[in-house]
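Taking it in order: structure first as structure tokens, then the write-up.
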Amino acid sequence: MTETAHPTRLSRRWSSLPGIDINWKLVIPALVLAEIINRSMGTSTTTLLTEILIFALFATSLNLLMSFGHMVSFGHSAYFGLGAYGFTLGVVKAGLPVEAAVFLGPLVAALGGLVFGALCVRLTEIYFAMLTLACAQITYTVLFQWYDFTGGDTGITGFMAPRFGLSEQGFASLTLVVVTLSIFALWWIVRSPLGLSIRAAGQDRFRAEALGLTVRRVQLSAFVIAAFFAGIAGTLHAVLNGAAFPDYAGLSLTLDSLIMVVLGGLNSFSGGIWGAIVYKLLGAFVPSFIHEWELVLGIILLAIVLTMPKGFAGLIARLGLDRKGAK
Amino acid sequence: MDAILSARNIRKCYGSFVALKDISFDLPRGERHALIGPNGAGKSTFIACVAGQLPGVEGELLFKGHNITSLTPASLAKKGIGRTFQISRAFLGMTVMENIMAAVVISTGRWASLSRGLYRENLDKAFHLLETVALVERAADRVGDLSLGDRKRLEFGMALANDPDLLLLDEPTAGMSIKERHYLMEMVATRMEETNKTLLFVEHDIDVVMKIAQRVTVMARGAVLAAGTPGEIAANEEVQAIYLGGGH
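As they're listed, the protein sequences go chains A and B.
For the first sequence, the residue numbers in the working numbering are 30 to 356.
For the second sequence, the residue numbers in the working numbering are 1086 to 1333.
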């Protein structure tokens, strides 16, 4: 047995999965920097930071499906919306205290993921994507039109003080903690045997089945997990605004999340995070200079897709900042 | 004879085209058995039927005496049937070690585990499989960067993770050099011999067949033309005329 072939060495080498590494020397200062920005800048910056964090989690949950499960969902906003409404209706209709209802939101989203996912994973590729879109549109329509229960197109407002009554800074700090823990949990899942199975099922379902994997069950697990974390993002967003609107489950939000993942970098765990940062910053600052900011966004997207097909995460990897121990 | 696999009147049609015409076939436990025949003979279709990949298969397939005709590939894998594919199928975006570990994790039935301790528990087994297929030094390489021969060996290693009683190899040496073909198939034969497992393989290289197989079934136009030892098949004039291209 050669030195490099020793099982322990192999264990260390193979556990460094490409695109799944965390460079703690980058992550920890970034978290500290986020908190410094939160505490030292004005209210609008703090609110922007909170939104970036929430959408970083939302995009990362979609990224689990797209980059690792190879399932392109056109309806991921449904679970963001179900999280927001699960929380809101828990307070308004079930009379739960807001502290308890925040746990209900993600669970409702996961239940939605279980029901819709069981339908969607029966199909593959574009048919899968179309079915996810149909499920999201059903969710949106119910939220939009069921006035007695969901408030219809006006949504549900005024049922609680936004941000649990916390200051903007206080809620941003809370969001930073929740989102960091949630993304860490997703990272843990991707590196676990479940994550390996999700990747196997995504990369070659026939090979995975021939090895004894029930692919649909694995895909459904991924779907429910992604829905649960999207539900956390939706719940945080509802708490931020003290309101829930049907647009939370709309097509526009799904497109936003898809753009974030592509912008940030497919096939990379951090793609959703980078995508949310870049997309939200562009949306916040470019309109100050040009009215037709979507045009600028389109041009930037085009440039990124053509010059950086692996997105910003690919750029970070090229700079060597994604690896453990990198400078 | 203790047959591990028995096919009874297996028939498979694609529309009006009959790909398999009432194939009946017994595969004794522990045998290395080759399926040969010209292109379109139905060899790969038969393997796909046994592997549970095709819908609408008529007849009866018995594995260890149990009817497996309508089982899914995943169920068949759990029952002890492993396979490789005609066109190499591995998880191309993963490393060699990840491929092997994925196969090992799936074989444990604990694919939903969130504990990386499962990797540590199975590291020795994964390492042993890598050694078996001589890919230890390439453990950290992406499968997409491997040569075809290495990929085929990797697939063989993955198929062994479940310790299958019956291994199905569909043209395992297609596209490989002569040296690679013999290297792979000798590796397979040694493993089957050591573990007393059964091998059913489709192969076009007659030299490989004659060297590895203990018995051979010749198929033509969806039916069994002849069956026997390699020597008997080589001497069969009908087989010579239709497939081996010789003739005395």
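Note that the Cβ used here is the ideal one computed from N, Cα and C, for glycine as well.
Taking 7 Å as the threshold (C-beta atoms), are residue j and residue i in contact?
i, j, result
"B/Gly1127", "B/Met1304", "yes"
"A/Thr117", "A/Ile66", "no"
"B/Val1189", "B/Ala1211", "yes"
"A/Leu150", "A/Arg245", "The sequence given here places Val at residue 150 of chain A; Leu does not occur at that position. In contact: A/Val150 and A/Arg245 (Cβ atoms closer than 7 Å)."
"B/Glu1145", "B/Thr1157", "no"
"A/Met95", "A/Val290", "yes"
"A/Phe103", "A/Ala158", "yes"
"A/His105", "A/Ala259", "yes"
"A/Ala138", "A/Ala262", "no"
"B/Asp1255", "B/Phe1170", "yes"
"A/Val247", "A/Gly142", "no"
"B/Ala1088", "B/Ile1108", "no"
"A/Ala278", "A/Thr79", "no"
"B/Leu1284", "B/Leu1252", "yes"
"B/Ala1162", "A/Leu240", "yes"
"A/Ala130", "A/Ala267", "no"
"A/Ser286", "A/Leu91", "yes"
"B/Leu1269", "B/Lys1237", "yes"
"A/Gln166", "A/Arg68", "no"
"B/Lys1282", "B/Asp1235", "no"
"B/Val1293", "B/Arg1266", "yes"
"A/Phe97", "A/Val219", "yes"
"A/Leu265", "A/Ile83", "yes"
"B/Leu1220", "B/Gly1260", "no"
Give me the DSSP bridge partner(s) of residue i.
i, result
"B/Met1390", "The requested residue 1390 of chain B is not part of the displayed model; chain B covers only 1086 to 1333."
"B/Arg1227", "B/Thr1180"
"A/Lys122", "None, per the DSSP bridge assignment."
"B/Asp1111", "B/Ser1091"
"A/Leu62", "Paired residue(s): none; A/Leu62 is not in a bridge."
"B/Glu1145", "B/Arg1093"
"B/Tyr1099", "B/Phe1102"
"B/Ile1166", "B/Leu1251"
"B/Leu1120", "B/Val1287, B/Thr1302"
"B/Ala1219", "None, per the DSSP bridge assignment."
"B/Asn1152", "B/Leu1147"
Does residue i get closer than 7 Å to chain B when you measure Cβ to Cβ?
i, result
"A/Glu32", "Here the model assigns A/Glu32 a pLDDT of 42, short of 50, so the residue's position is not dependable and the matter cannot be decided."
"A/Asp177", "no"
"A/Gln166", "no"
"A/Pro222", "yes"
"A/Ser90", "no"
"A/Asp233", "yes"
"A/Glu238", "yes"
"A/Leu265", "no"
"A/Ser96", "no"
"A/Pro338", "no"
"A/Gly294", "no"
"A/Ala229", "yes"
"A/Leu152", "no"
"A/Ser226", "yes"
"A/Lys353", "Confidence in A/Lys353 is poor, its pLDDT being 49 and thus under 50, which makes the residue's placement unreliable; the coordinate value appears in the next sentence. No, A/Lys353 lies away from the interface with chain B (no Cβ there is under 7 Å from its Cβ)."
Please confirm if residue i has its CB atom under 7 Å from at least one CB of chain A.
i, result
"B/Phe1176", "yes"
"B/Ser1173", "no"
"B/Ala1197", "yes"
"B/Val1190", "yes"
"B/Ala1259", "no"
"B/Glu1323", "no"
"B/Lys1163", "yes"
"B/Asn1207", "no"
"B/Arg1168", "yes"
"B/Asn1362", "This structure leaves residue 1362 of chain B out entirely; chain B is present only between 1086 and 1333."
"B/Asn1247", "yes"
"B/Ala1187", "yes"
"B/Ala1219", "no"
"B/Leu1203", "yes"
"B/Leu1090", "no"
Quick one: which residues of the segment 193-218 of chain A get their C-beta closer than 8 Å to a C-beta of chain B? List them in chain order.
-> So the list reads Trp217, Ile218, given in the order they occur along the chain.
Please list the residues of the segment 1099-1110 of chain B that have a C-beta atom closer than 8 Å to any C-beta atom in chain A, keeping them in chain order.
-> Cβ contacts with chain A: none found.
What residue ranges within the segment 1185-1212 of chain B form continuous beta strand (DSSP E) runs of no fewer than 3 residues, ordered along the chain?
-> Here no run is fully enclosed.
Where in the segment 75-142 of chain A do unbroken runs of the alpha helix (DSSP H), each at least 4 residues long, occur, reported from the N-terminal end onward?
-> Taken in chain order, the complete alpha helix (DSSP H) segments of 4 residues or longer contained in the segment 75-142 of chain A are 106-121.
What residue ranges within the segment 1251-1275 of chain B form continuous beta strand (DSSP E) runs of no fewer than 3 residues, ordered along the chain?
-> If we require 3 residues or more, the beta strand (DSSP E) runs fully inside the segment 1251-1275 of chain B come out as 1251-1255.
Report the residues of the segment 1127-1151 of chain B with a CB closer than 8 Å to any CB of chain A, ordered along the chain.
-> Residues of the segment 1127-1151 of chain B with a C-beta atom less than 8 Å from some C-beta of chain A are Ala1136, Gln1138, listed in chain order.
Which residues, taken in chain order from the segment 237-257 of chain A, show a beta carbon closer than 8 Å to some beta carbon of chain B?
-> Going along the segment 237-257 of chain A in chain order, one finds Ala237, Glu238, Ala239, Leu240, Gly241, Leu242, Thr243, Val244, Val247, Ser250 with a Cβ nearer than 8 Å to chain B.
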